[in-house]
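Inspection log for the structure reproduced underneath, given as structure tokens.
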Amino acid sequence: MNYALVTGASKGIGKAVANELAAKGFNLLLVARSESLLEQTAGEIVARYKVKVDWYALDLSRPSAPQNVLDWSRAKGYTVQVLVNNAGYGLSGPFEKYSLEEHWNMMQLNMQTLVGLTRLFLPDLQTQGRAYILNIASSAAYQAVPRLSIYAATKAFVLSFSRGLHQELAHGPITVTVVSPGATDTDFPNRAQLGEKGMKAAEKFNMSPQAVATIAVRAMLAGKSEVITGFINKLGAAMAWLLPKGMVEKTAMKIYE
Ligand SMILES: NC(=O)c1ccc[n+]([C@@H]2O[C@H](COP(=O)([O-])OP(=O)(O)OC[C@H]3O[C@@H](n4cnc5c(N)ncnc54)[C@H](OP(=O)(O)O)[C@@H]3O)[C@@H](O)[C@H]2O)c1
């Protein structure tokens with residue numbers, strides 16, 4: 026039986042993507058830290074859709090996590106057809122506000138774990154007639170964002186890696202799609218410790234996680250390489266490309282205290 030593995034599926038965009046995939050008939054493997062939220066999400070999806078759902082509570086920021094997920098999936102006899110690398114978070118404020126350990130933890134989850142899962146599940150995905158990798162980046166991937174610098178850099182990494190891998194795998198069964206949401210109504214701003222201005226800006230332009238998930242899964246199934254969600258976010262990325270970089274960066278810095 027083939028499964029879609031979704032990281033960060035306990036809430037927010039990941040949970041919405043899991044629901045969207047279940048609606049399309051995919052069985053699900055849900056991974057995040059919160060055992061109770063995973064159990065609840067799995068229960069809701071099973072009740073709503075006729076699919077199989079299993080979950081694994083794990084801190085994906087541990088270096089051993091990608092191997093742990095592969096071992097768990099193998100031990101349970103699951104075949105993964107879809108890999109959704111969604112788990113991630115940001116940290117806003119001046120660079121020195123956070124310890125090196127805090128920065129590294131975010132970098133580990135946003136980049137290393139994403140690469141680790143992609144590399145470890147690749148052989149299984151390659152045995153499928155058709156397989157998908159969906160990576161969640163961010164509109165922050167399209168420019169440097171002062172006071173959100175490391176987060177934006179991790180998402181620029183996700184964007185560049187995903188585009189490169191999409192081309193590398195172009196003649197096989199796997200497509201790689203990178204989706205970049207802008208402000209989305211999830212727990213992200215709280216964990217990122219956004220200040221008042223950041224919160225207000227996010228609220229102004231928020232998309233729902235469901236809307237993001239619909240766009241993401243549609244793009245993934247169509248085998249697209251890259252999608253930015255929503256008109257405003259597309260416009261933002263275009264402006265960041267067109268306008269002088271320093272001007273764009275100074276404007277962005279005003280949002281994040
Ligand atoms: N919301 C936005 O405005 C926005 C904009 C652009 C991009 N994004 C990206 O979208 C993705 C999803 O974020 P979201 O907005 O849905 O935020 P969210 O509501 O905070 O959800 C984050 C998910 O990742 C999981 N997660 C966090 N740390 C983890 C860890 N160490 N190990 C395992 N799972 C972990 C969380 O579950 P647990 O807490 O249970 O572990 C949760 O399921 C992220 O990659 C984020 O960077 C979000």
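Residue numbers (the numbering used here): 26 to 282. For each residue, glycine too, the CB sits at the ideal point set by N, CA and C.
- Per the coordinates, the alpha-carbon of LYS229 lies some 11 angstroms from the alpha-carbon of ILE257.
- Considering only LEU147, HIS191, TYR114, the residue with the shortest C-alpha distance to GLY33 is TYR114.
- Straight-line spacing of the CA atoms in VAL31 and THR209 works out to 18 angstroms.
- For GLY39, the shortest separation between its Cβ and any heavy atom of ligand 1 lies below 6 angstroms.
- The closest CA to that of LEU184, considering only PHE120, ALA90, HIS196, MET136, is found on MET136.
- Check the Cα spacing between LEU260 and each of TYR176, VAL273, ALA90, LYS249: the tightest is with VAL273.
- When rounded, the separation of the alpha-carbon atoms in LYS40 and LEU173 is 24 angstroms.
- VAL237: member of the alpha helix (DSSP H) spanning 234-246, first to last residue.
- Remark: the C-beta of ARG216 is in contact range of ligand 1, defined as less than 6 angstroms to any heavy atom.
- Rounded to the nearest whole angstrom, the C-alpha separation of LEU194 and THR200 is 7 angstroms.
- In chain order, ARG188, VAL203 place their CB closer than 7 angstroms to the CB of GLU251, counting only its own chain and leaving out the 5 sequence neighbours on each side.
- Between ALA112 and LEU134, the alpha-carbon positions lie close to 7 angstroms from each other.
- Note: ASP210 is not bridge-paired with any residue in the DSSP secondary-structure output.
- Taking a cut-off of 8 angstroms on C-beta distances, the stretch 95-105 touches the stretch 139-157, as three or more cross pairs fall below it.
- DSSP, read as helix, strand or coil, puts VAL183 in helix.
- Within 10 angstroms of the beta-carbon of LEU46 lie 16 or more other beta-carbons, which makes it buried.
- Looking at the DSSP output, TRP80 shares a beta bridge with LEU55.
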